[in-house]
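Since the structure comes first, as C-alpha cells, the remarks are kept for the end.
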Amino acid sequence: MHNALRLRPSVLLFGQSSIHALLPSTLTAQVESLLENGKIADAQALLDKAETQGGQLEVLQYLHQCTAFKLFGQTRFRDATQHFVKGASDPRILISYFEELRPALCEETSSPEPTQTDADSTRSDSMEIEVYAGVQKYMPSETSVDDIIRNYSPYLRPQVLSETDAADNVQYASTSSIPSSSVSGTRTHPATVAMRDILGTQAREMVEAALSALLVEQAEFWARDIVEVTATALALHYAHSGDVPSPLSSFRPPLQSVPPRPPSRPPSRPTSSQLHLPPSETSASLSPSARSAAHALQQPTMTIRPRILARVLETLNLWGPLIELWRTVGDVGRLINVLAGLVEGTYHDSSVSDPLGQMFAILSSLQQPERMVTDVVTDPAIGEAERQSLIRKWGVWLAARDVERGLSLLMSGLPTRAQRPTVVGGRTKDKDLGKEQEKTDELAVLAELRKTGTTAAKKYLEWLIVGRGRENSLLQCQLVESCVEDLFECLKDDTIAKLWRAKCVSYTSTTPTTSAPLSRVSSSDSGSQLPWATNTPPPRPPFLSYFVSTTPDSRSKRARIKALLALQATLVSSEAEGEALAKRVQERIVEGGWEKVLGLEVAVLHSKLSEPSVVLRTLHSLRDSVTAEAYASSAGVYGVISPRAGASAAEGCELADWAKWFVKAVEDRNLAVKRAKSANLGGQPPSEMLKILLQVYTEDGDIQQVSRLLSSQAHSLDIPDIVSLVPESWPLHSISSFLARSLRRSVHIKHEGQIVKEICAGQNLEVLQRSYFILQQEGATIEEAVEDSEDGGSGEHLDEKGEYVEKVAMHLGQGDVHVVDVEADGGG
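Just so we're aligned, residue 1 is where the sequence shown starts under UniProt numbering, counting upward by one.
Next up, the structure:
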C-alpha cells in the first residue's frame with residue numbers, strides 16, 4: 001500500500017563511488033519549523049492534510065500536542081482545544097495549569113477535613129508525567145493559565161483598545177503590531193480587565209471541552225488514577241462555574257471499565273520508536289501540583305475522588321451537590337451532617353428541599369438495611385455498631401425538632417445487637433448481658449431526651465414502661481408523675497375543668513329511666529311464689545365507662561385515662577416510696593380543690609393509703625355502685641379499676657398498648673398482693689368488705705343499692721349478719737329477694753348433700769357385693785395363739801395385727817391354699 005508520507009527523492013547526485021539523494025523535510029520537521037517561525041496556521045493546514053492522507057497516528061498525536069501547547073501559550077484557547085483532543089494529551093498536564101482544578105491531582109486521604117500541613121504539602125510537592133521531549137519546549141513556562149493571560153495584557157494601549165473590541169482582537173494580541181504602551185495603569189484599565197475576563201472564560205471553556213472529549217475517547221486506554229483525576233477535575237470545573245446539574249451528573253460518568261495499565265507509562269507515549277520521531281523522551285516536572293498515585297475507591301462504580309471534591313463543594317457552599325455526592329458514595333454519617341447543618345441554619349441552600357424529611361428517610365432506612373433503595377442512599381458501607389450509634393444520636397437530635405419523627409426512630413426498635421458465638425453454657429449469660437446493655441442504652445437515650453425537651457422525654461418514658469414493659473420502679477414513679485402533671489395541665493383549662501365537673505354532676509344525679517323487676521323464683525316443694533323487689537332500677541355503668549363513652553375524643557381525655565391507669569397499675573417496689581408518691585398526688589388534688597371533679601382518682605389513691613371503708617365511701621359518694629361492688633367482691637386485690645374496665649376504657653381512647661400493659665400490670669399486682677397477704681395473714685375477706693359496703697349503703701339509706709347488693713352477692717353473705725345490719729324500719733321486700741335466694745341456696749346445698757350421700761352409699765354397696773364372692777372363695781385363715789416365754793412374758797413383743805395382715809396377704813397371693821372350713825354350732 002502506498003504511503004503518502006514516504007519520503008521520495010526528487011534529485012539524485014551520482015558520484016564515482018556513491019549516489020546522493022536530496023530528500024524533502026519530514027512532517028515533523030516541517031511542523032516544528034512552522035511553529036518556531038510563528039506560522040501556526042500553516043502548521044495546522046499541514047496537519048489537516050496529513051490526516052487526510054492517513055499519516056501515522058503517533059506522529060500526528062505528537063505534532064497535535066506541540067501545536068496545542070503553542071496555541072495555549074498564545075492564549076488562543078479555542079483553537080488549542082481540538083489539538084489537545086486529537087493529540088490524546090495527558091489531561092493531568094492541562095489540569096496543572098488551572099489552580100482551581102489542581103486539587104484533583106492530590107492523592108485522596110481518609111481524613112474528612114484538610115489540614116494546613118496537607119495544604120502546604122500540596123503546594124510544595126510535585127508529580128512527574130512522561131511526555132515527548134519535543135513537546136516540553138512548547139509548554140508555557142508560566143505556572144498557571146492566569147499568568148499566561150496576564151503576560152499578554154500589558155501590551156495593550158488604552159487609547160487604542162476599547163472594551164467593545166477587546167474580544168475581537170484578544171486572540172491576535174501576541175502578533176499585534178500595536179506598540180507597547182509606556183503609559184502606566186494598563187493593568188487596571190477596564191479594557192485590560194475585560195480582556196482578562198474574556199480570556200479566562202475561553203480558557204475554562206477549553207479545559208471543559210478538552211477534558212470531556214478526552215474522558216470519552218481515551219478513558220478506556222488510561223489507568224484508573226488518570227480517569228479519577230480527569231473526572232474529578234471536570235466536576236471541580238463545573239462546581240466553580242456554578243453549573244450545579246453538571247457535577248451531579250459527573251459523579252457516575254458512563255465510562256467503560258478496563259484493567260488499568262501501570263501509571264508510569266503515559267497515554268501519549270508511542271509504542272515504538274521511529275526514525276522521524278524525537279529520538280529520546282524526558283520527564284517534565286510540574287511544580288504546582290501534588291503527587292499522584294493509583295488509588296482505589298471503596299465504591300467500584302465511582303470515577304471521582306469524593307473527599308477532594310467535597311472540600312471544594314464545602315468551600316463554594318454547594319450543599320446540594322455535596323449531599324448528592326455523599327449519597328452516591330454511601331457515606332451516611334457525612335450525608336446526615338450536611339443535612340443537619342441545613343436544618344440548623346448553619347448552611348443555606350434553597351435547592352435542597354425538606355432536609356429534615358431526608359434525614360428521617362435515611363435514618364428510617366438504617367433500621368431496615370435490606371429495604372434500602374438507591375434514592376435514599378447508595379450501598380452504605382457501615383457496620384452494626386455505627387448504625388446503632390447513628391440512629392441513637394440523630395434520633396435524639398431529630399426528636400428535639402420533630403417529636404413524632406424522632407421518637408418513631410427511637411421507639412421502632414434498634415437493630416439486633418450482634419453477639420459473639422458462645423457455647424451452650426454461656427448463652428444465657430450473654431443474653432442477660434445484652435439485655436442489661438439494652439436497658440442501659442435506653443436510660444442514656446432518656447437522659448439525652450430530657451436535655452432537649454420534656455415532651456419527647458415524656459413520650460419516650462411512656463414507651464419504655466407501656467410499650468417495652470420495663471419493670472423499673474424509678475421509671476414507673478416518673479411515669480405516674482408525668483401523667484399526673486399532664487392531668488393537672490389539662491385542668492388549668494377552664495373549658496376542660498367545667499366539662500369534667502359537669503360529667504361528674506351528671507353521673508351522680510342521673511338515675512336510670514328503665515326498671516326491671518327481679519325474676520320470680522318458684523319453689524318446687526310448695527309451689528308458692530316468693531316475693532321480689534319491685535321498681536328496682538338496673539345499675540348504671542361504671543363512671544369510667546360513662547366518662548369514656550360520653551366525652552369527645554381529645555388529648556385531655558386520653559391524659560386522664562392514662563393518669564387513672566398509671567395510678568392504679570403502678571406497683572412500686574418500696575411501700576414507703578409508693579405511699580409518698582400517692583400522698584403527693586393526693587395533696588395536689590386537695591390543694592387544687594379537685595376532689596369532686598377527680599372522684600375516681602381520689603378513690604384510687606385511697607385504695608393505696610386508707611382503709612377499704614374510705615375507698616367504698618368515696619365510690620358511693622360518686623354513685624359508682626358497680627365499681628364499689630367489684631372492689632369489695634375482689635377484696636381489693638385488683639384495685640378500684642378492674643382489668644376489664646381499665647382495658648375497655650383504654651381501647652375506647654385508642655390506647656391499645658395501655659390496655660395490654662394495664663391488664664398485665666394489674667395481674668402482677670394481684671399476685672404480689674396475694675403473696676403479701678398469705679405471708680402476713682392480713683387483709684379482709686370479700687365477705688367482710690361486702691358487709692362494709694352494705695353498711696355504707698344502709699347509713700345513707702339507699703334501699704335500692706342495698707337490695708341490689710344483697711341480690712347479687714347472696715352467695716357471699718349470711719342471713720344472720722345481714723338481718724342485723726338492715727334497719728327494722730325498712731320494708732320487707734328490700735331483702736326478700738336476698739332471703740329467698742339464701743334459703744333456696746341452703747335447701748339446695750342440703751339436698752345436694754343428700755344426693756351425694758346416697759350415691760356414695762350405692763357405690764359402697766356395689767363394691768361390697770363384688771368383693772363378697774372373692775372373700776368367700778378364698779376362705780378364712782386360722783391363726784394359732786403364741787405361747788408366752790418361760791421367763792413370764794418378758795420375751796419380745798409380737799405385732800399380732802401386722803403379722804396377721806402379712807399372712808392374709810401371703811395366702812391371698814397363693815393359688816393352691818387348702819383352707820378348712822369350721823362351722824360353728826348355732827346353739828353354742
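Quick reminder that beta carbons are idealized off the backbone N, C-alpha and C, glycines included. Since this is a predicted model, take the numbers as computed values, not measurements.
Buried or exposed for residue i, please, with buried defined as at least 16 other CB atoms from any protein chain shown within 10 angstroms of its CB.
i, result
"residue 765", "exposed"
"residue 36", "exposed"
"residue 640", "buried"
"residue 14", "exposed"
"residue 526", "Reliability of the predicted coordinates at residue 526 is poor, the pLDDT of 38 falling under 50, and the value obtained from them is presented with this limitation in mind. Residue 526 should be labelled exposed."
"residue 647", "buried"
"residue 506", "exposed"
"residue 474", "exposed"
"residue 17", "exposed"
"residue 738", "buried"
"residue 325", "buried"
Going by DSSP in three states, residue i sits in which element: helix, strand or coil?
i, result
"residue 641", "coil"
"residue 622", "coil"
"residue 598", "coil"
"residue 359", "helix"
"residue 832", "Residue numbering for the chain in the displayed model covers 1 to 828; residue 832 lies beyond these limits and cannot be assessed."
"residue 139", "coil"
"residue 171", "Low local confidence applies: a pLDDT of 39 at residue 171 is under 50, so the model's placement there is unreliable, with the coordinate-based value given in what follows. The answer is helix: DSSP assigns residue 171 an H, G or I state."
"residue 514", "The predicted model places residue 514 with a pLDDT of 36, which falls under 50 and marks its position as unreliable, so this point remains unresolved."
"residue 98", "coil"
"residue 198", "helix"
"residue 384", "helix"
"residue 131", "strand"
"residue 148", "helix"
"residue 316", "coil"
"residue 20", "strand"
"residue 11", "strand"
"residue 451", "helix"
"residue 352", "coil"
"residue 784", "coil"
"residue 606", "helix"
"residue 368", "coil"
"residue 439", "helix"
CA-CA distance, residue i and residue j?
i, j, result
"residue 482", "residue 669", "21 Å"
"residue 33", "residue 81", "21 Å"
"residue 553", "residue 567", "21 Å"
"residue 600", "residue 698", "22 Å"
"residue 653", "residue 398", "28 Å"
"residue 763", "residue 749", "21 Å"
"residue 660", "residue 366", "29 Å"
"residue 292", "residue 303", "Residue placement at residue 292 is flagged as unreliable, the pLDDT there being 32, under the threshold of 50; the coordinate-derived value follows with that caveat. Taking the straight line joining both Cα atoms gives about 15 Å."
"residue 433", "residue 662", "28 Å"
"residue 337", "residue 348", "13 Å"
"residue 644", "residue 330", "51 Å"
"residue 403", "residue 484", "21 Å"
"residue 840", "residue 581", "Residue 840 lies beyond the residue range present for the chain, which begins at 1 and ends at 828; the question has no answer from this structure."
"residue 460", "residue 363", "18 Å"
"residue 410", "residue 561", "25 Å"
"residue 509", "residue 747", "41 Å"
"residue 135", "residue 106", "24 Å"
"residue 132", "residue 327", "41 Å"
"residue 501", "residue 547", "11 Å"
"residue 488", "residue 358", "38 Å"
"residue 188", "residue 21", "59 Å"
"residue 835", "residue 611", "Because residue 835 is not part of the residues shown, which for the chain are 1 to 828, the question remains open."
My assumption, with CB atoms under 8 Å, is that residue i sits in contact with residue j. Please give the rounded CB distance.
i, j, result
"residue 30", "residue 46", "6 Å"
"residue 712", "residue 629", "7 Å"
"residue 214", "residue 309", "Actually they do not touch by this definition, with Cβ atoms about 19 Å apart."
"residue 312", "residue 239", "6 Å"
"residue 342", "residue 355", "4 Å"
*With contact counted as at least three CB pairs below 8 Å, one residue from each stretch, are the segment 200-220 and the segment 132-149 in contact?*
yes
Exercise. Please confirm if the segment 614-626 is in contact with the segment 541-553, defined as three or more CB-CB distances below 8 Å between the two stretches.
Key: yes
Next on the checklist: Count Cβ pairs between the segment 99-108 and the segment 56-71 that sit closer than 8 Å; are there 3 or more?
Outcome noted: no
For the 8 Å Cβ check, are there 3 or more pairs between the segment 85-92 and the segment 191-199?
-> no
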